[in-house]
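Peer 1: Quick one: the structure is below, questions incoming.
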Amino acid sequence: MRVLVGWDCEDEAELLRLYLNVDDTEVVVETCWEQFLEQAAARNDFDAYLITTNSPDTETAYQAFRKLKEYSADHPIIGAASQEDVYRIARFLTSGMRNYLIRDDNKDYMFLIHSALQSAMEAVRAERERVIAAKLRQEIDSVRKLQESIIPRLLDVPSGYQIAGRYESSEISVFGGHPVTMAGGDYYNALTLPDGNIALLVGDASGHGMKACMSIMTLHTLIQMFPSKRYRNPAVFVHDINESLCRQAVVNDDGGFITLLYGILNPKKSTFEWAAAGHPLPILQNLIDNTLSEQGNVAAVGMPLGIWESAEYKSQKITLPKQSRLILYTDGLAEAFSNGSAERHVEFGTDGIKRIMQAAQKANLDQTIESLFQASHDHTDGVGRHDDTSVLMVQKD
């Protein structure tokens with residue numbers, strides 16, 4: 000801690016040097032206002048300032064204080080007032096003086112100066128952190144709203160089917176421990192193609208915040224730009240998207256990537272053909288016998304997008320039976336961890352997803368999705384999921 004002192008008594012100035020120049024504290028004491036202000040103007044490394052408030056008179060001290068405010072930025076200024084002039088200190092306090100001491104005749108106040116300086120600095124530091132935290136929350140909220148703007152409000156639904164989706168971002172704590180809803184990197188959509196088929200996709204950009212948001216915005220933009228004919232073969236589509244993303248530094252800088260499951264639902268043939276890039280397999284539920292199983296072969300899942308331009312992807316295909324549900328999701332749902340001891344630190348997992356879907360056999364899609372999100376959250380013992388979570392669910396009636 001570096002402290003600049005403006006004092007009016009050379010004997011006391013020497014005592015101040017003696018009392019304050021301890022540990023990591025460096026003190027510079029000036030007994031002339033002119034020299035004091037020169038020091039304040041010449042050096043910007045002082046952490047705090049201590050001044051008398053009535054030397055040679057209150058008005059002169061006040062004008063020196065006002066001048067010091069120009070040099071001190073937001074570093075704290077502490078005043079020292081004689082007992083008979085305490086009532087004059089209000090003028091200083093309303094103008095930004097952080098704290099003050101009363102100079103008693105026995106000079107006991109000397110023993111309080113160090114703690115007064117420290118407490119003033121801690122108060123300033125706390126205020127700075129609150130301001131930074133508020134700005135951070137505003138920036139995070141702005142980015143989050145940008146990301147949420149690409150999440151569809153309405154999904155294209157063919158006759159004989161139901162489709163519903165939901166997205167929730169993760170939460171973190173910033174200064175002061177206040178939870179902040181993070182800008183996320185999840186994305187889902189259901190798009191009607193010219194041939195009447197439905198393109199279903201769920202994506203998850205690595206990380207959080209601005210980078211993840213911009214990565215998923217890039218994916219969204221590329222999808223909108225691709226000609227409709229490119230949508231028809233899932234493996235070709237994912238391959239082409241990967242090639243484009245590998246050229247985008249916003250995605251792959253610092254090891255970033257995107258996982259994606261992209262598929263084509265053919266309502267007439269009741270088929271779903273998809274390709275996956277580092278993404279969890281879909282889960283199919285038979286609503287008649289209430290059985291659930293992961294679909295496809297995990298060996299056919301290709302690398303996440305944005306890592307290697309020559310990565311290869313394979314299509315997989317299933318037939319949806321009547322009275323069935325298909326769930327596509329990001330790993331934030333399964334990777335909700337319990338907040339307990341090492342023995343209890345287990346993830347919600349696909350077993351948790353299957354258990355909740357079985358329990359929601361008679362519920363509608365929105366109710367089922369709500370149950371999934373609530374159950375995975377409860378699994379964390381109230382801490383909340385540490386990753387963004389998206390679910391896209393299709394039901395064949």
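Here the sequence shown is numbered in numbering that gives the first Met the number 0, starting from 0 and rising by one per residue.
C-beta atoms are modelled at their ideal positions from N, C-alpha and C, and glycine is treated no differently.
(1) Which residue comes first and which comes last in the alpha helix (DSSP H) that contains threonine 59?
(2) Note down the Cα distance separating isoleucine 197 from asparagine 265, rounded to an integer number of angstroms.
(3) From aspartate 22 to leucine 116, what distance separates their C-alpha atoms?
(4) When the Cα atoms are used, what is the spatial distance from alanine 299 to methionine 356?
(5) If you follow the beta strand (DSSP E) that serine 309 is in, where does it begin and where does it stop?
(6) Whose C-alpha, out of Leu67, Asp107, Lys144 and Lys106, is nearest the C-alpha of methionine 96?
(7) Identify the residues that DSSP records as bridge partners of valine 130: which are they?
(8) Using three-state DSSP, classify glycine 208 as helix, strand or coil.
(9) Give a yes or no on whether the C-beta atoms belonging to isoleucine 368 and arginine 165 are separated by under 8 Å.
(10) On a Cα-Cα basis, can you pick out the residue from Ala79, Phe256, Arg231 and Asp155 that is closest to glycine 206?
(11) Could you pull out every residue in the same chain whose Cβ sits closer than 6 Å to the Cβ of methionine 209, ignoring the five residues on either side in sequence?
(12) Within 10 angstroms of the Cβ of glutamine 373, are there 16 or more other Cβ atoms? Answer buried if so, exposed if not.
(13) Apply the 10 Å Cβ neighbour rule to leucine 111 and answer buried if 16 or more other Cβ atoms are within range, or exposed otherwise.
(14) Using the Cα positions of tyrosine 307 and tryptophan 273, report the straight-line distance between them to the nearest angstrom.
(15) Which residues in the same chain as glycine 175 place their Cβ atom closer than 6 Å to its Cβ, once the five residues preceding and following it in sequence are excluded?
(16) For aspartate 405, does the three-state DSSP call read helix, strand or coil?
(17) Counting C-beta neighbours from all protein chains within 10 Å, is the total for tyrosine 86 16 or more, i.e. buried, or is it exposed?
(18) Is the CB-CB distance between leucine 49 and alanine 89 below 8 Å?
(19) Could you round the C-beta distance between valine 397 and tyrosine 312 to whole angstroms and report it? I think they count as a contact, below 8 Å.
(20) Figure out for me which residue from Pro281, Ala333 and Gly295 has the closest Cα to the Cα of leucine 391.
(21) Any idea which residues DSSP pairs methionine 392 with across the strands?
(22) What residue from Asp73, Gly305 and Ala204 has the CA that sits closest to asparagine 251's CA?
(23) With DSSP as the reference, please indicate the residues paired to valine 458 in a beta bridge.
(24) Specify the secondary structure class of lysine 144 as computed by DSSP and reduced to three states.
(25) Roughly how many whole angstroms lie between the Cα atoms of leucine 100 and glutamate 128?
Peer 2: Concretely, from the data shown:
(1) The residue labelled residue 59 in the question sits at position 60 within the sequence shown. Unbroken alpha helix (DSSP H) run through threonine 59: 57-71.
(2) Indexing the sequence shown from 1 puts residue 197 at position 198. Indexing the sequence shown from 1 puts residue 265 at position 266. If I take the Cα positions, the gap works out to 7 Å.
(3) For the purposes of this step, residue 22 is taken as the residue at position 23 of the sequence shown. For the purposes of this step, residue 116 is taken as the residue at position 117 of the sequence shown. So the two alpha carbons sit approximately 14 Å from each other.
(4) For the purposes of this step, residue 299 is identified with residue 300 of the sequence shown, where counting begins at 1. For the purposes of this step, residue 356 is identified with residue 357 of the sequence shown, where counting begins at 1. Each residue's alpha carbon lies about 25 Å from the other.
(5) For the purposes of this step, residue 309 is taken as residue 310 along the sequence shown, with counting starting at 1. Note, serine 309: premise wrong, no beta strand (DSSP E); not H, not E.
(6) Locating residue 96 in the sequence shown gives position 97, where the first residue counts as 1. For the residues Leu67, Asp107, Lys144 and Lys106, the minimum Cα distance to methionine 96 belongs to Leu67.
(7) The sequence position of residue 130 within the sequence shown is 131, counting from 1. Looking at the DSSP assignment, valine 130 forms no beta bridge with any residue, so it has no partner.
(8) Residue 208 sits at position 209 when you count from the first residue of the sequence shown. Note: glycine 208 maps to helix in three-state DSSP.
(9) For the purposes of this step, residue 368 is taken as residue 369 along the sequence shown, with counting starting at 1. For the purposes of this step, residue 165 is taken as residue 166 along the sequence shown, with counting starting at 1. Yes, these two residues count as a Cβ contact at 8 Å.
(10) Position 207 of the sequence shown, counted from the first residue, corresponds to residue 206. Of the listed residues, the one whose Cα sits closest to glycine 206 is Phe256.
(11) Here residue 209 is taken as the residue at index 210 of the sequence shown, counted from 1. Val142, listed in sequence order.
(12) Start at 1 with the first residue of the sequence shown, and residue 373 comes out as number 374. So glutamine 373 ends up on the exposed side.
(13) In the sequence shown, counting from the first residue as 1, residue 111 sits at position 112. Burial call: exposed.
(14) Numbered from 1 along the sequence shown, position 308 holds the residue referred to as residue 307. Numbered from 1 along the sequence shown, position 274 holds the residue referred to as residue 273. Per the sequence shown, the amino acid found at residue 307 is tryptophan instead of tyrosine. The alpha-carbon atoms of tryptophan 307 and tryptophan 273 are separated by roughly 20 Å.
(15) Here the question's residue 175 lines up with position 176 in the sequence shown. Unreliable placement is indicated for glycine 175, whose pLDDT of 46 sits below 50; no coordinate value is reported for it.
(16) Nothing in the structure corresponds to residue 405, since the chain is present only between 0 and 396.
(17) Indexing the sequence shown from 1 puts residue 86 at position 87. Exposed: under 16 other Cβ atoms inside 10 Å.
(18) The count along the sequence shown starts at 1 and reaches residue 49 at position 50. The count along the sequence shown starts at 1 and reaches residue 89 at position 90. No, they are not a contact pair.
(19) Past the boundaries of the shown model lies residue 397; the chain is included only from 0 to 396, so the question cannot be answered.
(20) Here residue 391 refers to the residue found at position 392 of the sequence shown. Minimum Cα-Cα distance from leucine 391 among the listed residues Pro281, Ala333 and Gly295 corresponds to Pro281.
(21) For the purposes of this step, residue 392 is taken as the residue at position 393 of the sequence shown. The partner list for methionine 392 (beta bridge, DSSP) reads Ala163 and Ile326.
(22) Looking up residue 251 in the sequence shown gives position 252. Closest by alpha carbon: Gly305.
(23) What is shown of the chain runs 0 to 396, which leaves residue 458 out entirely.
(24) Along the sequence shown, read from residue 1 onward, the residue named residue 144 stands at position 145. Note: lysine 144 maps to helix in three-state DSSP.
(25) To locate residue 100, count along the sequence shown from 1; it is residue 101. To locate residue 128, count along the sequence shown from 1; it is residue 129. A direct Cα-Cα distance of roughly 26 Å separates leucine 100 from glutamate 128.
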